[in-house]
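Novice:
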Amino acid sequence: MVRGSALQVTATSFARAPAQPGWKTAPSSSGRRRQRGCTTRLRAVADGEIDPKIVKVANKVADAASKVTRKYFRYSPAMSSISLELKEDESPVTIADKEAEKAMREVIEDYFPGHSIYGEEYGCHVPGRESGTEEAKMVWVLDPIDGTKSFITGKPLFGTLIALVCDGEPILGIIDQPILGERWVGVKGQKTQFNHKDVGVRECDSLGSAYLYATSPDMFQGSTALSFEHVCTKVRTPLYGCDCYAYGLLSMGFCDVVCEADMKPFDYMALVPIVQGAGGVITDWNGNPFDNFDLSNVEATEVIAAGDEGVHKEALEALNFEEQRHSDVAQVM
Numbered sequence: 001m002v003r004g005s006a007l008q009v010t011a012t013s014f015a016r017a018p019a020q021p022g023w024k025t026a027p028s029s030s031g032r033r034r035q036r037g038c039t040t041r042l043r044a045v046a047d048g049e050i051d052p053k054i055v056k057v058a059n060k061v062a063d064a065a066s067k068v069t070r071k072y073f074r075y076s077p078a079m080s081s082i083s084l085e086l087k088e089d090e091s092p093v094t095i096a097d098k099e100a101e102k103a104m105r106e107v108i109e110d111y112f113p114g115h116s117i118y119g120e121e122y123g124c125h126v127p128g129r130e131s132g133t134e135e136a137k138m139v140w141v142l143d144p145i146d147g148t149k150s151f152i153t154g155k156p157l158f159g160t161l162i163a164l165v166c167d168g169e170p171i172l173g174i175i176d177q178p179i180l181g182e183r184w185v186g187v188k189g190q191k192t193q194f195n196h197k198d199v200g201v202r203e204c205d206s207l208g209s210a211y212l213y214a215t216s217p218d219m220f221q222g223s224t225a226l227s228f229e230h231v232c233t234k235v236r237t238p239l240y241g242c243d244c245y246a247y248g249l250l251s252m253g254f255c256d257v258v259c260e261a262d263m264k265p266f267d268y269m270a271l272v273p274i275v276q277g278a279g280g281v282i283t284d285w286n287g288n289p290f291d292n293f294d295l296s297n298v299e300a301t302e303v304i305a306a307g308d309e310g311v312h313k314e315a316l317e318a319l320n321f322e323e324q325r326h327s328d329v330a331q332v333m
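No gaps in the numbering here: position 300 of the sequence shown is 300 in full-length UniProt numbering, and each next residue is one more.
So this is what it looks like as structure tokens:
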């Protein structure tokens, strides 16, 4: 977490170590890097304020991805030309995902060559080596197209996710929907903005009055499926199909809860400053905040976000009903 009145980040030399299984080699733009007067020393946070330069660069990163995704969205004459592939977990990936992430990385490497990058398509890049899992103070966490299924089926509810994590805590997050021209920007200590205007969550008197979003009921398996089914019986209406877009709607007061499982850091890190800056709460299903990101542990987890703190507490209780039931039985015995 960011502590103290000022934090200075210096480009660091990391020891070489074998690449971890599953990491993909990140493309490097070092050979074509344009000079922008960057220094190896950047004041990320001073007197509690995020350096405005970082926010400007984050928007440039979103713009770079947007140029790629708009080019390929609803591509004609044949969608098959997008060259759809399936990952090991059967999730789809397209040439648009890969090109967009390359473009995003080039901007970051241009401005902040000392920062680390962790992306969905090309894994982890730590300065001084091609891939690895060493802890770094400043890490950009990228998902070029969150909601690839929406993208390949022509539905403009996917989004580009950009987070900047400092000492494990996400201090900046962006959701960009390039087709609709919609962008949410969350910065630690500031109000979340939607297209340059402040937004905020709405009040909700109880979980029973809440509209809940999830990407799909199929994302819940085993015990998470039972928990999700239970929480769905407690809300007013469960809704599906928005991916990261649902968190943007939550931050504007159009829904009350977003509940998801099997989420990697590139799926949720950008959402944290956006939800929090709008007045909402976002944690894992045990109520733990996402403020301790570590490149050596990028396992999937569950996410629950709510606009109202009381509703968030009710949702946690509903999700953990089995655990509570077993505890009650043990006390009786």
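Think of the CB as a built atom: it goes at the ideal place given N, C-alpha and C, for glycine as much as any other residue.
1) So, are the CB atoms of GLY310 and ASP256 less than 8 Å apart?
2) At the level of alpha carbons, what is the spacing between PRO156 and TYR240?
3) By how many angstroms is the C-alpha of ASP146 removed from the C-alpha of THR94?
4) What is the residue span of the alpha helix (DSSP H) that ARG105 lies within?
5) Where does LEU226 land, buried or exposed, given buried means 16+ other C-beta within 10 angstroms?
6) Per DSSP, PRO265 forms a beta bridge with which residues?
7) By a C-beta neighbour count over all protein chains shown, 10 Å radius and 16 as the cutoff for buried, is ARG70 buried or exposed?
8) Would you kindly report the start and end of the unbroken beta strand (DSSP E) that includes THR238?
9) Go through its chain and collect everything with a Cβ distance to GLN276's Cβ below 6 Å, but skip five positions before and after it.
10) Would the beta-carbon of ILE175 fall within 8 Å of that of GLY248?
11) Can ALA270 and VAL258 be called in contact, C-beta distance under 8 Å?
12) Can you give the beta carbon distance from TYR111 to VAL141, rounded, assuming they're within the 8 Å contact cut?
13) Applying the criterion that 16 or more other CB atoms from any shown protein chain within 10 Å of the CB defines a buried residue, is LYS197 buried or exposed?
14) DSSP three-state label for THR233, please.
15) Restricting to Cα atoms, I'd like to know which of LYS191, GLY168 and ASN195 is closest to GLY181.
16) Could you check which residue in VAL298, TRP285 and PHE293 has the C-alpha nearest to that of GLU322?
17) Quick one: is GLU90 buried, meaning 16 or more other Cβ sit within 10 Å of its Cβ, or exposed?
18) Around the C-beta of PRO217, are 16 or more other C-beta atoms found within 10 angstroms, so that it is buried, or is it exposed?
19) Starting from TYR118, trace the beta strand (DSSP E) both ways and give me its first and last residue.
20) Here's a check: name, in chain order, each residue in its chain whose Cβ is nearer than 6 Å to the Cβ of ASP97, leaving out the five neighbours to either side.
Specialist: Quick answer:
1) By 1-based counting over the sequence shown, the position of residue 310 is 310. By 1-based counting over the sequence shown, the position of residue 256 is 256. Not in contact: GLY310 and ASP256 (Cβ atoms no closer than 8 Å).
2) Taking the sequence shown and counting its residues from 1, one reaches residue 156 at position 156. Taking the sequence shown and counting its residues from 1, one reaches residue 240 at position 240. Rounded to whole angstroms, PRO156 to TYR240 spans 14 Å at the Cα level.
3) For the purposes of this step, residue 94 is taken as residue 94 along the sequence shown, with counting starting at 1. For the purposes of this step, residue 146 is taken as residue 146 along the sequence shown, with counting starting at 1. Cα to Cα, THR94 sits roughly 12 Å from ASP146.
4) One-based indexing of the sequence shown puts residue 105 at position 105. 95–111 is the span of the alpha helix (DSSP H), which, as asked, contains ARG105.
5) Along the sequence shown, read from residue 1 onward, the residue named residue 226 stands at position 226. By the 10 Å Cβ count, LEU226 comes out exposed.
6) The count along the sequence shown starts at 1 and reaches residue 265 at position 265. BP columns for PRO265 are empty, so no partner.
7) Here residue 70 is taken as the residue at index 70 of the sequence shown, counted from 1. So ARG70 ends up on the exposed side.
8) Here residue 238 is taken as the residue at index 238 of the sequence shown, counted from 1. According to the sequence shown, residue 238 is Pro rather than Thr. Element bounds for PRO238: 237–240.
9) By one-based count along the sequence shown, residue 276 stands at place 276. Cβ neighbours of GLN276 beyond the five flanking positions: none.
10) Residue numbering aside, residue 175 sits at position 175 when the sequence shown is read from its first letter. Residue numbering aside, residue 248 sits at position 248 when the sequence shown is read from its first letter. The answer is yes: Cβ separation under 8 Å.
11) Numbered from its first residue, the sequence shown carries residue 270 at position 270. Numbered from its first residue, the sequence shown carries residue 258 at position 258. No.
12) On the sequence shown, position 111 is the one that residue 111 refers to. On the sequence shown, position 141 is the one that residue 141 refers to. Incorrect: roughly 16 Å between the Cβ atoms, too far for contact.
13) Here residue 197 is taken as the residue at index 197 of the sequence shown, counted from 1. So LYS197 ends up on the exposed side.
14) Along the sequence shown, one-based indexing puts residue 233 at 233. DSSP places THR233 in coil when its eight states are reduced to three.
15) The residue you call residue 181 lines up with position 181 of the sequence shown. It is ASN195 whose Cα lies nearest to the Cα of GLY181.
16) Numbered from 1 along the sequence shown, position 322 holds the residue referred to as residue 322. Closest option to GLU322, Cα to Cα, is TRP285.
17) For the purposes of this step, residue 90 is taken as residue 90 along the sequence shown, with counting starting at 1. Confidence in GLU90 is poor, its pLDDT being 43 and thus under 50, which makes the residue's placement unreliable; the coordinate value appears in the next sentence. The residue is exposed, with fewer than 16 neighbouring Cβ atoms inside 10 Å.
18) Position 217 of the sequence shown, counted from the first residue, corresponds to residue 217. By the neighbour-count rule (16 or more Cβ atoms within 10 Å), PRO217 is not buried but exposed.
19) Counted from its first residue, the sequence shown places residue 118 at position 118. Taken as a continuous stretch (DSSP letters only), the beta strand (DSSP E) holding TYR118 covers 116–119.
20) The residue you call residue 97 lines up with position 97 of the sequence shown. These residues qualify, in order along the chain: GLU121, PRO144 and ILE145.
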